[in-house]
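Participant: In our numbering, the protein residues as written are 343 to 499. The beta carbon of each residue, even a glycine, is placed where N, CA and C say it ideally should be. My questions will all concern the structure given below.
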């Protein structure tokens, strides 16, 4: 018993150091992923918004699929509780723009995928979770967004 007691403190310190390192790595990686999602969404979204009227149906569907995938990733990622304010603001800004360009088509895409018989029930549950996250993001970022006058008043304070 005495031999074990002498090992407990160093063992606790090692596990404590591992826990602190793991939390820091997870926190940093989560924030960098938020920036990456926003950055990956930016390019196809700008092309889609500028050239949508000139695109053929295949190109438009390809860009819409890329944008919807980015919106889904961003909507799921913004639910993480330890996301930094600046990373979340960057992600929210890009998601708000993407959701305003794509509208309700994103949620309808995931709802139609849920109704497919080819998708297993486990994936249907994940699709349902994604659809709910997209609807929640749209509600927060588009429907209940503060007006420009409110934003300017808050910035002036």
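(1) Nearest-angstrom Cα distance between residue 344 and residue 350?
(2) If you follow the alpha helix (DSSP H) that residue 369 is in, where does it begin and where does it stop?
(3) Using C-beta distances below 8 Å, list every residue in its chain close to residue 377, excluding the 5 sequence neighbours before and after it, in chain order.
(4) Put residue 428 into one of helix, strand or coil per three-state DSSP.
(5) According to DSSP, is residue 487 helix, strand or coil?
(6) Are the stretch 453-466 and the stretch 410-420 in contact at 8 Å, needing three or more beta carbon pairs?
(7) Look at the alpha carbon of residue 382 and the alpha carbon of residue 414, and state the distance between them as a whole number of angstroms.
(8) Report yes or no: do three or more beta-carbon pairs, one from the stretch 353-371 and one from the stretch 392-407, lie closer than 8 Å?
(9) Can you tell me whether residue 410 is buried or exposed? The criterion is at least 16 other CB atoms within 10 Å of its CB, across all chains shown.
(10) Does DSSP classify residue 397 as helix, strand or coil?
(11) Does the Cβ of residue 467 have 16 or more other Cβ atoms within 10 Å, making it buried, or fewer, making it exposed?
(12) So what does DSSP say about residue 420, is it helix, strand or coil?
Facilitator: Straight from the coordinates:
(1) Position 2 of the chain shown, counting from 1, holds the residue named residue 344. Position 8 of the chain shown, counting from 1, holds the residue named residue 350. Those two C-alpha atoms are separated by around 10 Å.
(2) If you number the chain shown from 1, residue 369 lands on position 27. 344-393 is the extent of the alpha helix (DSSP H) around residue 369.
(3) For the purposes of this step, residue 377 is taken as the residue at position 35 of the chain shown. Closer than 8 Å at Cβ, skipping near neighbours: 429, 432 and 433.
(4) Within the chain shown, numbered from 1, the residue matching residue 428 stands at position 86. Of the three classes helix, strand and coil, the one that applies to residue 428 here is helix, per DSSP.
(5) As a first step, residue 487 is located in the chain shown; it is residue number 145 there, counting from the start. Three-state DSSP puts residue 487 in coil, outside helix and strand.
(6) As far as the Cβ criterion goes, the stretch 453-466 does not touch the stretch 410-420, which means the pair count is below three.
(7) Against the chain shown, residue 382 aligns to sequence position 40. Against the chain shown, residue 414 aligns to sequence position 72. Approximately 12 Å, taken between the alpha carbons.
(8) Contact fails: fewer than three Cβ-Cβ distances are below 8 Å.
(9) On the chain shown, residue 410 is found 68 positions in, with the first residue counted as 1. Buried, since its Cβ has 16 or more Cβ neighbours within 10 Å.
(10) Numbered from 1 along the chain shown, position 55 holds the residue referred to as residue 397. In the displayed model, residue 397 falls within coil according to three-state DSSP, outside both helix and strand.
(11) For the purposes of this step, residue 467 is identified with residue 125 of the chain shown, where counting begins at 1. Taking every protein chain shown into account, the CB of residue 467 has fewer than 16 other CB atoms within 10 angstroms, so this residue is exposed.
(12) Within the chain shown, residue 420 is the residue found at index 78, counting from 1. The answer is coil: DSSP assigns residue 420 none of H, G, I, E or B.
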